[in-house]
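Peer 1:
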């Protein structure tokens, strides 16, 4: 299964943080109701330098690919050069986290406990 339980994803997120990836964004694991009531999770990211909410979640079965969804914004974001550089740094960490979750998912060897 491409999904992972909320607990599994939370553990992976803690491992990612322990590796020292810097981010000013708020990153949390959120519950996502899976098929037939399965305990699944997704990662939510609230950026500091843009009013955008991002979700990172597994792609459809049988893929181990994870995808990043950027929610639409109602307001225009106007940033100076320093803020754009900071936003780029945040997005770089989002990309690193997505790649990390893909690697963990591909290497996942045990039954996913709920």
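Residue numbers (the working numbering): 33 to 146. We treat Cβ as the ideally placed atom computed from N, Cα and C, and that holds for glycine. Remember, predicted model here, so these are calculated numbers, not experimental data.
Please tell me whether residue 88 and residue 119 are closer than 8 Å, where the distance is taken between their beta carbons.
Peer 2: It is not a contact, given that the beta carbons lie outside the stated cut-off.
Peer 1: If you check the beta carbons only, do residue 92 and residue 61 fall under 8 Å apart?
Peer 2: The answer is no: Cβ separation not under 8 Å.
Peer 1: Look up residue 60 in the DSSP assignment and give the residues it is bridged to.
Peer 2: 76, per the DSSP bridge assignment.
Peer 1: Secondary structure at residue 125, three-state DSSP: helix, strand or coil?
Peer 2: DSSP places residue 125 in helix when its eight states are reduced to three.
Peer 1: CB-CB under 7 Å to residue 136, same chain, minus the five flanking residues each way: which ones, in chain order?
Peer 2: For residue 136, where only same-chain residues beyond five positions count, the Cβ hits under 7 Å are 44.
Peer 1: Comparing alpha-carbon positions, which option in 101, 96 and 90 lies nearest residue 77?
Peer 2: Of 101, 96 and 90, the residue nearest in Cα terms is 101.
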